[in-house]
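**Student:**
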Amino acid sequence: MNAQSQPWRLWLLYLRRLIGSQTIRPITQSNWYQPRVIISGSTAPALHARPASASGLIAEAVLDSIDDYLQRQNSHALLIMHQDQLVHAKYWNFKPHYTFNSMSMVKTVQALSIGIAIDLGLIGSVHDSVAQYLPEWRNDERAKITIEHLLTMQSGLKSDLSRQGITVFPAIVPLYLGTNIKKHALALPAVAEPGCYFEYNNYNTQILGLILEQVSGLSSAAFFSKYIWQPLECHDASLWLDQENGTARTFGALFARPEDWLRVASLFLTKGNYKGRQIVSEAWLKEMIIPRNTEARGVKDGKGDYGYQIWLKAHDYGLIRGIPWFEATHAKAPHVDEEMFYFEGMRGQYLFVSPRHNLLMLRMGERPKRDWDGSWAINQLLQHLDEVPELA
């Protein structure tokens, strides 16, 4: 008898996981997440930082100020790439070759992968019905949901924070604890018309992963490896599975080196090209950063802060539907660069992309303190670069 068929066993498993997650460092203590599958990468040499002071573009005093702030906020890595050069790499109780739990930063990788699948002709378009690829959805209200609805968190699926069935568990629990997450993802019901409201829901991304595996015939790890990790010369990474040889949790928990996240994000600065090879189309990258949750598009109370699995504005306006208050990481001010966008993961994982300044900045670490300001560090850097436009 397995835990899935006996709720009390699932409850005990949940308690063990919950207690365990509170006794580890969930971002940096990655070995706790088992089993995992390797995303085969490259043996390319690691990036080496060229001191920002060597070019005179970024003042050391500015970097020192950012370092001090982030160190106080339980950060473990800060990497800055400017004008195609790694100009700053700071680690606290962490090594450059270590991997960390990126949490929901992987959602943006999933969106890149959907774009690649469209480029390859494996998916027709974002307007295709999900049921076209997942037949389990063909005979109910979910047949109205398109791939775009999943990408934009507007599917109308039951919230992953809502109670699961007659149990006391929210629907997110099977994603973290279950041994058959595909079953739970395919069974999640629709509770509203798609396209009416934005609600952050991890199942949307998990279902995108199922579609990707269906159309490619590859596991998520194999797809990421073949079309992103190896072409970008990233090092080996891994995904967390629901069981041995099982399904990857593609809604969160990709374990990679900090520097390799810069390689992935650099696609937005190079129009999808890496060393002469087109990884993903420029057209798709442009589509990803168009605000999708706007009232003009019919989304109730739309903030215009989300594209295709990527954030477009600072969280300086309060709680976000679908993200519990105790996991929210807020900002105290808008971003100085209004055209900037970013990958984000729980506990303050940020990867900012500023095409205007040809700039990438990664903050990785454990949960920040209560006085955390998610926009402070990047705004300090942007304001400094704005003051030297002839150099930046």
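Under the numbering used here, the first residue of the sequence shown is numbered 1371, with each subsequent residue one higher. Note that beta-carbon positions come from the ideal geometry of N, C-alpha and C, so glycine has one too.
(1) PHE1539 lies in the alpha helix (DSSP H); which residues open and close that run?
(2) Leaving out the 5 sequence neighbours to the left and right, which residues in its chain are closer than 7 Å to SER1590 when beta-carbon positions are compared?
(3) For GLN1374 and ALA1431, what's the separation of their Cα atoms in angstroms?
(4) From the DSSP output, in three-state form, read off MET1523 for me.
(5) In angstroms with no decimal places, state the Cα-to-Cα distance between MET1710 and GLY1642.
(6) Considering only DSSP beta bridges, list what THR1516 is partnered with.
(7) For the alpha helix (DSSP H) that GLN1720 lies in, which residues bound it at each end?
(8) Compute the Euclidean distance between the alpha carbons of GLY1411 and LEU1547, then round it to the nearest angstrom.
(9) Please list the terminal residues of the continuous beta strand (DSSP E) segment that includes TRP1610.
(10) Given this structure, state the Cα-to-Cα distance separating LEU1730 from LEU1448, to the nearest angstrom.
(11) Need the endpoints of the alpha helix (DSSP H) that GLN1613 sits in, please.
(12) Alpha carbon to alpha carbon, how far is VAL1585 from ASN1572? Give it in angstroms, no decimals.
(13) Between ALA1607 and ALA1419, what straight-line distance do the alpha-carbon atoms span, to the nearest angstrom?
(14) Is ILE1748 helix, strand or coil when you go by DSSP?
(15) Shortest alpha-carbon distance to SER1780 belongs to which of SER1400, HIS1705, VAL1669?
(16) If you drop the 5 nearest sequence neighbours on each side, which residues of the same chain put their C-beta closer than 7 Å to that of ALA1701?
(17) Under three-state DSSP, which class holds LEU1492?
(18) Quick check: what's the CA-CA separation for ILE1408 versus PRO1544?
(19) Quick check: what's the CA-CA separation for ARG1647 versus THR1413?
(20) From the DSSP output, read off the bridge partner residues of ALA1459.
(21) How many angstroms separate the CA atom of GLN1455 from the CA atom of VAL1476?
(22) Of the choices ASP1437, ASN1509, LEU1482, GLN1480, whose alpha-carbon is the least far from that of PRO1559?
(23) Sorry if obvious, but does the Cβ on GLY1390 come closer than 7 Å to a heavy atom of the ligand MN?
(24) Quick check on DSSP: helix, strand or coil for GLN1576?
**Tutor:** Here's the rundown:
(1) That residue, PHE1539, is in no alpha helix (DSSP H); it is neither H nor E in DSSP.
(2) GLY1579, LEU1582, GLU1583, LEU1609, ALA1618, THR1620
(3) At GLN1374, the pLDDT of 49 sits below 50, so the modelled position is not reliable; the number obtained from the coordinates is stated separately. Roughly 55 Å between the two C-alpha positions.
(4) coil
(5) 17 Å
(6) SER1499
(7) The sequence as given places Tyr at residue 1720; Gln does not occur at that position. Run containing TYR1720: none in the alpha helix (DSSP H); it sits in the beta strand (DSSP E), 1719-1724.
(8) 28 Å
(9) 1607-1610
(10) 11 Å
(11) No alpha helix (DSSP H) contains GLN1613, which DSSP labels as neither H nor E.
(12) 21 Å
(13) 21 Å
(14) helix
(15) With the chain running from 1371 to 1762 in the structure shown, residue 1780 is simply not present.
(16) ALA1684, HIS1685, ASP1686, ASP1743, GLY1744, SER1745
(17) coil
(18) 22 Å
(19) 18 Å
(20) LEU1449
(21) 23 Å
(22) ASN1509
(23) The ligand content of the structure shown is nil, which means the ligand MN is not present either.
(24) helix
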